[in-house]
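The next block holds one structure in the form of structure tokens; read it before the comments.
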Amino acid sequence: MKTINYQWLDAAGAQQELAALCNVLDGCVAQGASIGFVKRDAQQMNHFWQDVVLSLACGDKQLLVARCEERIVGTVMLVLAMPANGVHRAEVVKLLVHPDARRSGIARALMQQAEARAGQLGRSLLVLDTRSGDVAEPLYRSLGWQTAGQIPGYARSTAGVMDATTVMYKAIGPAD
Ligand SMILES: CC(C)(COP(=O)(O)OP(=O)(O)OC[C@H]1O[C@@H](n2cnc3c(N)ncnc32)[C@H](O)[C@@H]1OP(=O)(O)O)[C@@H](O)C(=O)NCCC(=O)NCCS
26 MKTINYQWLD AAGAQQELAA LCNVLDGCVA QGASIGFVKR DAQQMNHFWQ DVVLSLACGD
86 KQLLVARCEE RIVGTVMLVL AMPANGVHRA EVVKLLVHPD ARRSGIARAL MQQAEARAGQ
146 LGRSLLVLDT RSGDVAEPLY RSLGWQTAGQ IPGYARSTAG VMDATTVMYK AIGPAD
């Protein structure tokens with residue numbers, strides 16, 4: 026079994042790895058993942074990660090990657106930019122594992138490390154949303170996430186269908 030390394034990337038690190046980050050995103054969209062894209066569009070994906078680089082630079086987001094033999098195979102991000110009354114919250118977004126690297130515990134490890142980091146940053150409440158019925162839902166539940174509810178017709182799939190989303194949360198510390 027190959028060793029997986031996990032690393033928090035800063036803006037310069039992410040900029041250097043743009044092609045690899047796009048590759049993970051593209052691999053997921055190609056398999057029909059509901060992650061904000063309705064088709065494989067290299068330019069849109071590049072813009073997406075360029076925006077992330079800017080957010081990393083100003084501290085609005087943090088990006089954790091998983092590497093297998095140096096190649097980035099997985100990502101997860103913490104969104105830290107919150108309104109003044111919500112600075113105890115963080116949102117977890119873009120949990121992505123390249124199709125070649127799935128079912129070996131990478132997503133679980135990414136989530137555990139992201140949750141730990143959010144706690145270190147003083148965030149006590151985590152939120153996310155995920156397409157209802159996706160394989161990520163049981164993963165989140167097994168990590169102690171609760172379902173707040175479902176929103177029908179939330180996002181268009183790569184197949185053109187309007188999918189419901191499940192909004193989830195996890196308290197990782199005492200509310201102030
Ligand atoms: C969801 C995703 C991140 C899981 O990545 P992964 O590294 O394969 O997941 P793990 O190996 O850590 O599996 C963790 C758990 O997820 C669930 N799971 C993951 N893939 C599954 C599958 N194909 N079928 C059923 N359950 C699955 C299982 O509960 C699994 O636990 P187990 O191995 O003990 O049974 C990956 O499939 C992916 O990138 N999908 C596309 C992007 C996406 O939809 N991300 C979620 C956005 S909210």
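Residue numbers (my numbering): 26 to 201. Backbone N, C-alpha and C define an ideal beta-carbon position, used for all residues, glycine too. For clarity, every value in this text was computed on a predicted model and none was experimentally measured.
Out of the options, which has the shortest C-alpha to C-alpha gap to residue i?
i       : options                               : result
Asp-201 : Val-160, Asp-35, Ala-106 and Arg-114  : Arg-114
Gly-52  : Pro-124, Gly-198 and Ala-173          : Pro-124
Arg-96  : Gln-41, Ala-184 and Leu-146           : Gln-41
Arg-209 : Gln-138, Gly-111 and Val-98           : Limits of the chain in this structure are 26 at one end and 201 at the other, which puts residue 209 out of reach.
Ser-59  : Tyr-194, Lys-195, Ile-197 and Thr-190 : Thr-190
Gln-145 : Val-117, Ile-197 and Pro-108          : Ile-197
Met-107 : Asp-76, Arg-148, Ile-176 and Ala-134  : Arg-148
Pro-163 : Arg-133, Ala-139 and Leu-150          : Arg-133
Ile-176 : Gly-169, Tyr-165, Lys-195 and Leu-153 : Leu-153
Ala-180 : Gln-68, Gly-158 and Asp-188           : Asp-188
Met-70  : Gly-84, Ala-82, Ala-55 and Cys-83     : Ala-55
Val-117 : Trp-33, Leu-79, Leu-151 and Thr-172   : Leu-151
Val-101 : Thr-28, Val-63, Leu-79 and Leu-50     : Leu-50
Lys-195 : Ala-184, Leu-88, Ala-37 and Gln-137   : Gln-137
Name the DSSP bridge partner or partners of residue i?
i       : result
Asp-35  : Answer is none; Asp-35 lacks a bridge partner.
Ile-30  : According to the sequence shown, residue 30 is Asn rather than Ile. Arg-92, per the DSSP bridge assignment.
Asp-154 : Val-192
Ile-176 : Thr-190
Gln-171 : Tyr-194
Arg-148 : DSSP output for Arg-148 lists no bridge partner at all.
Arg-128 : DSSP, once it has assigned bridges, lists no residue as partnering Arg-128.
How is the beta strand (DSSP E) around residue i delimited, first residue to last?
i       : result
Val-122 : 114-122
How far does the alpha helix (DSSP H) with residue i in it extend, from its first residue to its last?
i       : result
Arg-166 : 161-167
Gly-52  : 43-55
Ile-197 : Premise fails: Ile-197 is in no alpha helix (DSSP H) and is neither H nor E.
Ile-131 : 131-145
Check each residue's C-beta against every heavy atom of ligand 1 and list, in chain order, those closer than 5 Å. Cys-53, Ala-58, Leu-120, Leu-121, Val-122, Arg-127, Arg-128, Gly-130, Ile-131, Ala-132, Arg-133, Thr-155, Val-160, Ala-161, Pro-163 and Leu-164
Which runs of the beta strand (DSSP E) at least 3 residues long sit entirely within the region 83-111? Give them in chain order. 86-93 and 96-104
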